[in-house]
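Asker:
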Amino acid sequence: MRDTNRIFVFTGPDGSGRKSVAEAVGQTFGMEKIVSYATRPPRPGEVNGQDYTFVTHEEYREMERREEFLESVEIDGQLYGIRSRDIENKLAQQDSVYLILNHEGASILKKIYGDKAVRLFLYVDPRTAEERQRKLGLPEEVIAKHLSHYEQELGYRASCEHAFENYDLAQTTYEITNTLETYLQRDLVDKD
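Mapping of the sequence shown onto UniProt numbering: position 167 corresponds to residue 167, and the numbering continues sequentially without gaps.
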């Protein structure tokens, strides 16, 4: 990796808005997203290859057997992973990339990449997280599973380099853009 390479990891509980904020910030900086692999079915509005690359359990296990995954976790019986080749290929083309991961994935990337990996933790209160997931049309049992992990996910905040309360997309995006500017030095933020 080059000195200028950075991997920005957006993490936080489900319903925290990490995807919306990550995509807005990624677009601001022209960063590409590293897409995770997942064995779960797509949720309403998710697009294969854009939100996740959806594969069967068998396909995932075969990729795992070939040691393609940099990180691999199982959550509620579903498998999620990031291929090392995807990160390496993108960082060969540009200085920085971003990912959206739960705390297990964020921890693994931090352990592997050290200071090159910067974790950005987003959070809201549990009721807001629940309301957001309902608005997305998630089934009640999925929301219940997510909320059962809420406190564990929230506990990861203290381990991250930066944390942001996310009740206003524009404000949170602005705050994170200012924070990332200190790493990227792109002069995208008006200091006045």
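Just so you know, even glycine gets a beta-carbon here, dropped at the ideal spot from N, CA and C. Predicted model, so just to flag it, every value in this text is computed and none were measured.
Among 114, 105, 136, 85, whose alpha-carbon lies nearest the alpha-carbon of residue 153?
Answerer: As a position in the sequence shown, residue 153 is number 153, starting the count at 1. Closest option to residue 153, Cα to Cα, is 105.
Asker: Quick check on the DSSP output: the alpha helix (DSSP H) that includes residue 162 runs from which residue to which?
Answerer: Translated into positions along the sequence shown, residue 162 becomes position 162. Not the alpha helix (DSSP H): residue 162 falls in the beta strand (DSSP E), residues 162-165.
Asker: Return the chain-ordered ranges of every alpha helix (DSSP H) run that is complete within the region 61-111 and spans a minimum of 4 residues.
Answerer: Here the runs fully enclosed are 84-93.
Asker: Considering only residues of the same chain and omitting the five flanking positions on each side of residue 12, which have a CB-CB separation below 7 Å?
Answerer: Residue 12 sits at position 12 when you count from the first residue of the sequence shown. Result list for residue 12: 18, 121, 122, 123, 153, in chain order.
Asker: In this structure, what does DSSP give as the bridge partners for residue 119?
Answerer: Looking up residue 119 in the sequence shown gives position 119. In DSSP, residue 119 forms a bridge with 9.
Asker: Around the C-beta of residue 15, are 16 or more other C-beta atoms found within 10 angstroms, so that it is buried, or is it exposed?
Answerer: What you label residue 15 is simply residue 15 of the sequence shown in a count that begins at 1. By the 10 Å Cβ count, residue 15 comes out buried.
Asker: Would you tell me roughly how many angstroms separate the C-alpha atoms of residue 97 and residue 135, rounded to the nearest one?
Answerer: Numbered from 1 along the sequence shown, position 97 holds the residue referred to as residue 97. Numbered from 1 along the sequence shown, position 135 holds the residue referred to as residue 135. If you take the alpha carbons of residue 97 and residue 135, they lie about 29 Å apart.
Asker: Examine the Cβ distances between the region 99-117 and the region 145-162 and report whether three or more of them are shorter than 8 Å.
Answerer: As far as the Cβ criterion goes, the region 99-117 touches the region 145-162, which means the pair count is three or higher.
Asker: Flag this pair as yes or no: are the beta carbons of residue 78 and residue 38 separated by less than 8 Å?
Answerer: Reading the sequence shown from its first residue, position 78 is the one you call residue 78. Reading the sequence shown from its first residue, position 38 is the one you call residue 38. Contact: yes.
Asker: Rounded to whole angstroms, what is the Cα-Cα separation between residue 183 and residue 7?
Answerer: For this step, residue 183 is matched to residue 183 along the sequence shown. For this step, residue 7 is matched to residue 7 along the sequence shown. Using only the alpha carbons, I get a separation of about 11 Å.
Asker: Could you round the C-beta distance between residue 164 and residue 175 to whole angstroms and report it? I think they count as a contact, below 8 Å.
Answerer: As a first step, residue 164 is located in the sequence shown; it is residue number 164 there, counting from the start. As a first step, residue 175 is located in the sequence shown; it is residue number 175 there, counting from the start. Right, their Cβ atoms sit about 6 Å apart.
Asker: With a threshold of 16 other CB atoms inside 10 Å of the CB of residue 27, please say whether the residue is buried or exposed.
Answerer: Walking along the sequence shown from the start, residue 27 turns up at place 27. Exposed.
Asker: Determine the DSSP secondary structure at residue 173, reduced to helix, strand or coil.
Answerer: If you number the sequence shown from 1, residue 173 lands on position 173. Correct three-state label for residue 173: helix.
Asker: Could you give the first and the last residue of the continuous alpha helix (DSSP H) run that contains residue 146?
Answerer: Against the sequence shown, residue 146 aligns to sequence position 146. Counting along the chain, the alpha helix (DSSP H) containing residue 146 begins and ends at 140-148.
Asker: Give every residue of the same chain whose Cβ lies closer than 8 Å to the Cβ of residue 86, excluding the five residues on either side of it in the sequence, and list them in chain order.
Answerer: Position 86 of the sequence shown, counted from the start, is the residue given in the question as residue 86. These residues qualify, in order along the chain: 34, 35.
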